[in-house]
Amino acid sequence: MTKDVMVIGGGIAGIQAALDLADKGMIVHLVEKTPSIGGRMAQLDKTFPTNDCSICILAPKMADCFSHPNTNVITYAEVVGVEGKVGSFKVKVLKKARYVDETKCTGCGECLEKCPSKVPSEFEMGLSNRKAIYMPFMQAVPRVMTIDKEHCTMITKGKCGNCKKACKREAIDYEMKDKILELEVGAIVVATGFDSWDPSSATEYGYGRYPNVFTALEYERMINAAGPTHGHIERRSDKKRPIKMAFIQCVGSRNPQVGHPYCCSVCCMHSTKESMLAREHHDDMESTIFYKDMRACAKGFWEYIERAKRDYGVRYVNSDATVQENAETHNPIVVYDVGGRQQSEEFDMVVLATTLVPRKETLELAKVLGLKADEFGFLESSERILEFGKTVVPGIYLAGYAAGPADIPESVAQGSSAAAKAVEAIVQAGG
Amino acid sequence: MADTIKVDPKDKPRIGVFVCHCGTNIGGFVDVKSVAEYAKTLPDVIYATDNLYTCAEDGLVSIREGIRKHNLNRIIVASCTPRTHAPLFQATCESAGLNKYLFTFVNIREHCSWVHMKEREKGTTKARDLIRMGVARARLLIPQEEQRVDVEPSGVVIGGGVAGMTAALSLADMGFPVHLVEREAELGGFVKNLNNLYVTEKSATDTIKPLIEKTKAHKNVKLHLGSQMKSVEGFIGNYEIVIGAKGAEDIKAKVGTIIVATGALEYVPEGLYGYNQYPNVVTLTEFEILCKKKALPKMKNVAIIQCAGSRGQVKTYCSRVCCNVAIKNAINIVDNYDNMLGLAEQLGTVIEKVPVEQKVPEEIIERRRRRRGRERGEEGEADEVKLGPSEKIEVTVFNRDIMAYGVEHELTYNKAREKRVKFVRYTTDHLPRVYMEGNQLTVGYFHETLKLERTMPVDMVILSTPLVAQPDAGDLSQMLKVPLGQEGFFLEAHVKLRPVDFATDGIFVCGTCRGPADITEAVTQASAAASRAAIPMAKGYVQAEALTSVVDENKCSGCGTCIQVCPYGALRKSEKGLAEVIVAACKGCGCCGATCPEGAITMTNYTDAQLLAEAKAALQEEV
């Protein structure tokens, strides 16, 4: 019997669950797959409906979560096996070799300058490069480097070793091996979040073919001051700043043909925010949002839409839309429908609100944990109405987007709720 | 944790200044590097630097390193707002051994860069001015100690709907005794009016029955039905509450935390779409009651009008749940209409909570039967006419946008369309109209694609009206000293990251009293609120604010002005008849100090000397 709890996934839902548990005096093992906690919220520029800077409100929570005396944050790690039951799960965690000693590295970055390799940055949605030794983003927690073994020539070919030479703290260890940690916990919270669907296969939007078509997450990184363009909105084709922006909703979602018949819940709001931010960056920017239904239905959301129309000149067009291109200027042309009449309009840039899908690895994890997933890969609650987040396995609870589309405050509430359920289970199991 | 650094007020100040770029939020508009250089020239500043993000781990490390390397005994961070970031920087000082009250925040983002985005030079000068003021104050800061306040490990939940019951049960299951106060004679709140619940089509009564039974049976839940909160005094961990019931003696209790779950009501659409004017115009909840009582009239055409009174019509907001409730009912009508047909003897039964003013009058039913009979040439035999599957009932949902967010709602919306429920979009320029054409209830609307006015004879109009705040939410808000936001719903501490906390410690909020939510969302918030409330109760104590008001008994005349103005109930009269501060409740807001006619109240670390030093520095030319 143990009072420890494991949280899988270090995004905002997992961080909230971990903090709620740790503040109650429980020991929390937070397992995060990537080198840093923070999740998707860390990638967002600002958050609706207050336009709060996302990393500014998240970074303190990340720091709190990492430095809390009751948390054990295990990054670059995955859960690979679970045995036992509520009150005493025995969990196997694969701690991947990061080839950098976490206790020695200060994240000073001197190694970065010496690393010769270039790898598209996952955090920047491929809009800029990182090195083979890297920190995913500037505010990463923990603030330590990671070597991506696939792209490090020292590890793949035994040639280079520059980072080791540059590191004054002797933190680099090319011989580091993956480790299996065995932990005993009384309950588990699963908060593995979402991925952005790649819209290249939906050819009607031209993503990947037309240079000036972006996904929303790419755009979020681009408008972020710490992002790949330092906050400058730039076309891929000529690096010029766009003036006329089109935002297209439900790209791949609400669309049974591509296998995502559901609504992602957050895109109407994030596209509205992104349109407002365009105008905040430059007075002359004009945004048009092509939408099916404007789903702005939580506290203060409809008022936000009204504000976008009134104060930011955002234009809303109720229509499906597809994209063509003016081959000469690389200006995307949006084809849409108003009152049954087809229209087309040239823009400087198109931003696609692509489907947010549960992570593929979540299905693997579901198998390991014995959880059920629905046909889209979202983890299922055992009793949908009154016990959202409870699963078929007693002692395992869900929070955040992995359990179905949710925005940040919903994910936070679900994180706290899962924490409560975990404590209840441990208390009831006699812990 | 480093060893504690002893700082005597008489020691020479050694100030460190950390100026934050906040990405480009500050750095894009203010010359941060030159501001940090300027800070180095100010009196007693030993060290100054700039950080891209002072709040990120590297920034925090630079503060800790600065304290260690330069023996700093005052820290200034010039960045964003203390609301979100002061606790982080204070904790950082503490982790380096420095008393956190020797930390000063200077806001050069909200107060400077964001309002001077187009005036780089002036903005930079202002940032220098603000830091000079901060330094002047920091020199006079003295270390403070926080008091530990014990927390009573029990709670009270106000409201016995699904949210309140869930919150109470969660606390109870975590092992904390909890009082559950419900003003009605039975548990169940809004949901007990409903017919079935979406997603599962399970009956509402059957769904919440186990919850009600578990609540009643739980040994840790003390149930107070037909009762209301009469008063609340005290502060986190130590609330003295009085629960009152009609004709019974008041019950007094001491609790550590409070959860507000008082729910919402359905808006009554007086004056809209013929409500209360024409027969068979009902609200969504009234319709559910008719379904539940199997009291639907005979009908063939049903119109449901969305956003009746919301999204700018009367209330500004979208009520979130009505589209999905309407879709559920549309499917219900198409699939189960025969089973919900009216049985005359049940029409008169008492309907609680939401009275159906608009009971479907018998004569209307009669008239319609006769009319249908005539249409078929079945004079006199109309009573026997039954709408079989061959004669499909038609439902049209007039909407602005269908809020079928997420997985299940969107799939249900698709299912409704497959079942031939019609969805007709309207805009605010052309609202649908409900009127009588002779004896025929009729909906007139503008067809947006055809650009034509159309009419539709209907047998019933269902108005999807928004959830609205409880009319007496204001009283509870005053009793608990927690704020109401827009349209009378309770206002949480932070819309993104603190959805179920109030700004006041020890009080939490969940369910529809904080804004429209469906049952699943309400219960999720409820167990989240229980999780938050359990934190101080599990710890058994809270660390009280050290920056409080202090009463100089030699100057106090005992006039009591301060007691009246304190928004947190943190002042009382002592046995000597003088003002006394309840340290655990005091938030250090300074209202008392500002109103004291004798000048007997000062605020720790906001003394006149400190504030005047700051003001003088503001007026000073640059050094």
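Protein chains in written order, with the numbering used here: chain A, 1 to 431; chain B, 1001 to 1623.
Ideal placement from N, C-alpha and C gives every residue a C-beta, glycine not left out.
**Message:** If contact is defined by three or more beta carbon pairs under 8 Å, each pair taking one atom from either stretch, is the segment 1069-1081 of chain B in contact with the segment 1008-1027 of chain B?
**Reply:** Contact between the segment 1008-1027 of chain B and the segment 1069-1081 of chain B is present: three or more C-beta pairs spanning the two stretches fall below 8 Å.
**Request:** Could you spell out the range, first to last residue, of the beta strand (DSSP E) harbouring Asn162(A)?
**Result:** Per DSSP, Asn162(A) belongs to no beta strand (DSSP E); it is in the alpha helix (DSSP H), Asn162 to Ala166.
**Request:** Measure from the alpha carbon of Arg1514(B) to the alpha carbon of each residue in Gly377(A), Cys250(A), Lys299(A) and Glu361(A), then state which is nearest.
**Result:** Lys299(A)
**Asked** According to DSSP, which residues form a beta bridge with Met6(A)?
**Response** His29(A) and Ile188(A)
**Contact between the segment 1510-1529 of chain B and the segment 1148-1165 of chain B (3+ Cβ pairs under 8 Å)** = yes
**Message:** With a threshold of 6 Å on Cβ separation, who are the neighbours of Ala1534(B) within its own chain once the five nearest residues in sequence on each side are excluded?
**Reply:** Met1174
**Asked** What are the partner residues of Gln324(A), as DSSP defines its beta bridges?
**Response** Ile333(A)
**Asked** So what's Asn1332(B) in DSSP terms, helix, strand or just coil?
**Response** helix
**Request:** Starting from the beta carbon of Arg295(A), find every residue of chain B whose beta carbon is closer than 7 Å, and list them in chain order.
**Result:** Asp1401, Met1403 and Tyr1405
**Message:** With a threshold of 7 Å on Cβ separation, who are the neighbours of Arg1371(B) within its own chain once the five nearest residues in sequence on each side are excluded?
**Reply:** In this prediction, Arg1371(B) scores a pLDDT of 48, lower than 50, which makes its location untrustworthy; the coordinate-derived value is nonetheless stated afterwards. Result list for Arg1371(B): empty, nothing under 7 Å.
**Asked** Helix, strand or coil: which one does DSSP assign to Gln16(A)?
**Response** helix
**Prompt:** At which residues does the beta strand (DSSP E) containing Gly1444(B) begin and terminate?
**Reply:** Gln1440 to His1447
**Request:** List the residues of chain A that Pro1013(B) touches, going by C-beta distances under 9 Å, in chain order.
**Result:** Contact note: Pro1013(B) does not reach chain A at a C-beta cutoff of 9 Å; the least C-beta distance is about 27 Å.
**Request:** Going by CA-CA distance only, name the one from Ala1528(B), Ile1305(B) and Val1157(B) that's closest to Gly1256(B).
**Result:** Nearest of Ala1528(B), Ile1305(B) and Val1157(B) to Gly1256(B), Cα basis: Val1157(B).
**Item:** Same chain, Cβ closer than 7 Å to Thr1124(B), neighbours up to 5 away in sequence not counted
**Value:** Val1030, Asp1031, Ser1034 and Val1035
**Prompt:** Among Cys108(A), Leu217(A), Met125(A) and Cys152(A), which residue has its Cα nearest to the Cα of Met135(A)?
**Reply:** Cys108(A)
**Prompt:** When the Cα of Arg295(A) is compared with those of Ile1046(B), Gly1271(B), Arg1400(B) and Thr1427(B), which residue comes out closest?
**Reply:** Arg1400(B)
**Request:** Under 7 Å between beta-carbons, which chain A residues line up against Cys1318(B)? List them in chain order, please.
**Result:** Ala296, Cys297, Phe301 and Trp302
**Item:** Test: Arg143(A) CB closer than 8 Å to a CB of chain B
**Value:** Yes - at least one Cβ of chain B is within 8 Å of the one on Arg143(A).
**Asked** So Cys1591(B) packs on Val1565(B), CB below 8 Å; how close in whole Å?
**Response** Contact flag correct, Cβ pair sits at about 5 Å.
**Prompt:** Should the segment 379-395 of chain A be called in touch with the segment 1496-1512 of chain B, which here means at least 3 C-beta pairs below 8 Å?
**Reply:** no
**Message:** Based on DSSP bridge pairs, tell me the residues matched to Val1583(B).
**Reply:** According to DSSP, Val1583(B) bridges with nothing at all.
**Message:** With distance defined between alpha-carbon atoms, name the residue in Leu363(A), Glu328(A), Leu371(A) and Phe290(A) nearest to Val334(A).
**Reply:** With distances taken between Cα atoms, Val334(A) lies closest to Phe290(A).
**Asked** If you measure from the beta carbon of Leu1102(B) to each beta carbon in chain A, is any gap under 8 Å?
**Response** no
**Request:** Could you have a look at Pro1177(B) and say whether DSSP puts it in helix, strand or coil?
**Result:** coil
**Request:** Determine the chain B residues that contact Ala187(A) at a beta-carbon separation under 8 Å, and present them in chain order.
**Result:** The contact set of Ala187(A) on chain B, defined by CB atoms closer than 8 Å, is empty, because the minimum CB distance reaches about 12 Å.
**Message:** Between Leu1265(B) and Cys1322(B), how many whole angstroms is the CB-CB distance? I'm expecting something under 8 Å.
**Reply:** About 14 Å separates the two Cβ atoms, so there is no contact after all.
**Request:** Report yes if the CB atom of Ala166(A) is closer than 8 Å to the CB atom of Glu110(A), and no otherwise.
**Result:** By the CB criterion at 8 Å, Ala166(A) and Glu110(A) fall inside the cutoff.
**Asked** In chain order, which continuous runs of the beta strand (DSSP E) of length 3 or greater are located wholly inside the segment 1151-1206 of chain B?
**Response** 1155-1158 and 1178-1181
**Item:** Proximity to Leu183(A) [Cα-Cα], best of Ser417(A), Asn212(A), Ile233(A) and Val7(A)
**Value:** Val7(A)
**Prompt:** Hey, out of Thr1092(B), Ala1584(B), Ile1063(B) and Glu1057(B), whose CA is closest to Ala1048(B)'s CA?
**Reply:** Ile1063(B)
**Message:** Taking 8 Å as the threshold (beta carbon to beta carbon), is Arg254(A) in contact with chain B?
**Reply:** yes
**Message:** Is the beta carbon of Glu274(A) closer than 8 Å to that of Val351(A)?
**Reply:** Annotated as proximal: Val351(A) and Glu274(A), with beta-carbon spacing under 8 Å.
**Message:** Would you say Pro261(A) lies against chain B (beta-carbon separation less than 8 Å)?
**Reply:** yes
**Prompt:** Based on the DSSP output, what are the partners of Thr434(A) in its beta bridges?
**Reply:** Chain A is shown only over 1 to 431; residue 434(A) falls outside these bounds and no answer can be derived.
**Asked** At which residues does the beta strand (DSSP E) containing Val82(A) begin and terminate?
**Response** Boundaries of the beta strand (DSSP E) harbouring Val82(A): Ala77 to Lys85, taken from the DSSP string.
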